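Q:
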Amino acid sequence: MTARISSQKQGLRSPLRRRHLSLLAVLAMGSSRRVLIQAYINSGLPAHTQRAWLQKLTDDICLSEPGNLSPEEIHNAPMLMSAWAKTPKKEESSSSGKKGKERAVAVEGLLKRMIDERRAGNTNAIVRTEDYNAVMKSWVNSGEMNAAAERVEQILRNMQDKFVEGDEHVQPNAESFELAIEAWTIASDVDYAPARAHKILEWTNHLYTSSENDKAAPNTNCFHLVLRAWASSGKLEAPIMSEHLIMWMQHLQQQGLESAKPNTMCFNTVMAAWLKSGDITAEKRIRQIFEFMELSSRKGNTDIKPDSSSYNTVISSISPAVKKLYDSGGARRADKILA
Numbered sequence: 249m250t251a252r253i254s255s256q257k258q259g260l261r262s263p264l265r266r267r268h269l270s271l272l273a274v275l276a277m278g279s280s281r282r283v284l285i286q287a288y289i290n291s292g293l294p295a296h297t298q299r300a301w302l303q304k305l306t307d308d309i310c311l312s313e314p315g316n317l318s319p320e321e322i323h324n325a326p327m328l329m330s331a332w333a334k335t336p337k338k339e340e341s342s343s344s345g346k347k348g349k350e351r352a353v354a355v356e357g358l359l360k361r362m363i364d365e366r367r368a369g370n371t372n373a374i375v376r377t378e379d380y381n382a383v384m385k386s387w388v389n390s391g392e393m394n395a396a397a398e399r400v401e402q403i404l405r406n407m408q409d410k411f412v413e414g415d416e417h418v419q420p421n422a423e424s425f426e427l428a429i430e431a432w433t434i435a436s437d438v439d440y441a442p443a444r445a446h447k448i449l450e451w452t453n454h455l456y457t458s459s460e461n462d463k464a465a466p467n468t469n470c471f472h473l474v475l476r477a478w479a480s481s482g483k484l485e486a487p488i489m490s491e492h493l494i495m496w497m498q499h500l501q502q503q504g505l506e507s508a509k510p511n512t513m514c515f516n517t518v519m520a521a522w523l524k525s526g527d528i529t530a531e532k533r534i535r536q537i538f539e540f541m542e543l544s545s546r547k548g549n550t551d552i553k554p555d556s557s558s559y560n561t562v563i564s565s566i567s568p569a570v571k572k573l574y575d576s577g578g579a580r581r582a583d584k585i586l587a
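Taken in order, the sequence shown gives residues 249 to 587; the numbers are from my numbering.
Below, the structure written as structure tokens:
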């Protein structure tokens, strides 16, 4: 008997048990569904339990007749979309499977339900940029690669079209464009993914410079995503495309667009593209880029000061040159860089 009581006390003290009891307490108090959703989001329940709760709350909204959502349900829908879009850590390793796609479809279902509610005459049902971003984020995390990237780009272009038509609530912002670019950078099942990411970046810049969208200013994160896509692609043109991107960033910065200024990480990625290329001129070009970074940082531009990754790439570029060409000067060049 004593052992059983001790075991029961241990169960009550476990973190998982306490979370379950917390949610049950919320229900017992008759709290609003808004409080319940917030309690769920912060509960830390196991992934399968979280998904079951979300599905129940989502079904309550999606399966109701258009025009009948309460103000509370309309308020809850964006929170549900955001919760679905955040992949639990326990699911991250398997996000390429069925679960990732299910989450993305659930978020889209909520978005469509809100649009239907608006069309049914409920003026309180307003779909906003953040809601579309949640849909795109869920697809980025779905593991569906090319299919996800196509869908995310389609959603982004649809947002821009609606904004041009006069719906200011869905104006694509910096996060919208970053998500679309990121979707293509992880679409490893097609070889044209870097080019598609690059194309969205160009479109982003066009929208901003043509005053079609004042929130479309390309930023360092957007550029770095495309740089990384090219660098990891192993394509013959990767290092050249990477250098063109860096020059483009510098040009935009000179024109006053500080959001697009290159940083150390961007230059490191360009050097990585050259290193991976295996090009006979790679060592020389990497050294030139490194020297430019050093010179610029000495002149006060600490944004591109070489870091440990920069030094590692330079040294790595010298090593194969020493091995392949038996260049006795390689070791001396490495010593000079590290001095």
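Glycine included, each C-beta is placed from N, C-alpha and C at the ideal position. This structure is a prediction, so every number in the text was calculated from the model and none was measured.
Rounded to whole angstroms, what is the Cα-Cα separation between Cys-470 and Asn-324?
A: In the sequence shown, residue 470 corresponds to position 222, counting from 1. In the sequence shown, residue 324 corresponds to position 76, counting from 1. Cys-470 and Asn-324: Cα-Cα distance of roughly 31 Å.
Q: Could you name the residues of the same chain whose beta carbon sits closer than 6 Å to that of Thr-517, not counting the 5 residues immediately before and after it, in chain order?
A: Taking the sequence shown and counting its residues from 1, the one referred to as residue 517 is at position 269. Closer than 6 Å at Cβ, skipping near neighbours: Leu-475, Arg-476, Ala-479.
Q: Give every residue of the same chain whose Cβ lies closer than 6 Å to the Cβ of Ala-435, excluding the five residues on either side of it in the sequence, and list them in chain order.
A: Here the question's residue 435 lines up with position 187 in the sequence shown. For Ala-435, where only same-chain residues beyond five positions count, the Cβ hits under 6 Å are Met-393, Asn-394, Ala-397, Ala-441.
Q: Relative to the alpha-carbon of Glu-313, which residue among Glu-506, Gly-369, Lys-304 has its alpha-carbon at the smallest distance?
A: The residue labelled residue 313 in the question sits at position 65 within the sequence shown. Selected option, being the one with the closest Cα: Gly-369.
Q: Enumerate, from N- to C-terminal direction, the unbroken alpha helix (DSSP H) stretches of 4 or more residues contained entirely within the segment 483-522.
A: DSSP runs (the alpha helix (DSSP H)) wholly in the segment 483-522: 486-502.
Q: Give me, in chain order, the residues of the same chain whose beta-carbon lies closer than 7 Å to that of Gly-482; leave out the 5 immediate sequence neighbours on both sides.
A: In the sequence shown, residue 482 corresponds to position 234, counting from 1. Around Gly-482: Lys-524.
Q: Could I get the ranges of all uninterrupted alpha helix (DSSP H) runs contained in the segment 324-399, with 4 residues as the minimum, in chain order?
A: Segments of the alpha helix (DSSP H) lying fully in the segment 324-399: 337-340, 346-367, 377-388.
Q: Counting contacts by CB-CB distance shorter than 8 Å, is Glu-321 in contact with chain D?
A: In the structure shown, chain D does not exist; there is a single protein chain.
Q: Could you spell out where the alpha helix (DSSP H) holding Ser-544 opens and where it closes?
A: Taking the sequence shown and counting its residues from 1, the one referred to as residue 544 is at position 296. 530-546 is the span of the alpha helix (DSSP H), which, as asked, contains Ser-544.
Q: Under the three-state reduction of DSSP, which class applies to Ala-464: helix, strand or coil?
A: The residue given as residue 464 occupies position 216 in the sequence shown. In this structure, Ala-464 counts as coil in the three-state DSSP scheme.
Q: Are the segment 349-359 and the segment 379-389 touching, with three or more C-beta to C-beta distances below 8 Å?
A: With the cut-off at 8 Å, the segment 349-359 and the segment 379-389 touch.
Q: Locate the alpha helix (DSSP H) running through Leu-227, then write down its first and last residues.
A: Only positions 249 to 587 of the chain appear in this structure, which leaves residue 227 out of reach.
Q: Thinking C-alpha only, which one of Asp-555, Val-388, Arg-367, Asn-372 is nearest Lys-347?
A: Residue mapping note: residue 347 aligns to position 99 of the sequence shown, counting from 1. Taking only the C-alpha atoms, the option nearest Lys-347 is Val-388.
Q: So, is His-296 buried or exposed, given that buried needs 16 or more other C-beta atoms within 10 angstroms?
A: In the sequence shown, counting from the first residue as 1, residue 296 sits at position 48. Classification for His-296: exposed.
Q: Return the CA-CA distance between Gly-526 and Leu-455, expressed in angstroms with no decimal places.
A: Position 278 of the sequence shown, counting from 1, holds the residue named residue 526. Position 207 of the sequence shown, counting from 1, holds the residue named residue 455. Taking the straight line joining both Cα atoms gives about 36 Å.
Q: In whole angstroms, give me the CA-to-CA distance for Glu-460 and Val-412.
A: Position 212 of the sequence shown, counted from the first residue, corresponds to residue 460. Position 164 of the sequence shown, counted from the first residue, corresponds to residue 412. So the alpha carbons of these two residues sit roughly 8 Å apart.
Q: Taking DSSP as the reference, what is the three-state secondary structure of Ser-481?
A: Mapped onto the sequence shown, residue 481 falls at position 233. The answer is helix: DSSP assigns Ser-481 an H, G or I state.
Q: What is the rounded straight-line gap between the Cα of Asn-421 and the Cα of Asn-406?
A: Within the sequence shown, numbered from 1, the residue matching residue 421 stands at position 173. Within the sequence shown, numbered from 1, the residue matching residue 406 stands at position 158. Between Asn-421 and Asn-406, the C-alpha separation is close to 13 Å.
Q: Can you tell me which of the three DSSP states Ile-434 falls into?
A: Taking the first residue of the sequence shown as position 1, residue 434 is located at position 186. Looking at Ile-434 - three-state DSSP - the assignment turns out to be coil, as it is neither helix nor strand.
Q: Once the 5 residues before and after Ser-279 are set aside, which same chain residues still bring their CB inside 6 Å of it?
A: Position 31 of the sequence shown, counted from the start, is the residue given in the question as residue 279. Residue confidence is low: Ser-279 scores 48 on pLDDT, short of 50, so the model does not pin down where it sits. Its coordinate-derived value is still stated next. Result list for Ser-279: empty, nothing under 6 Å.
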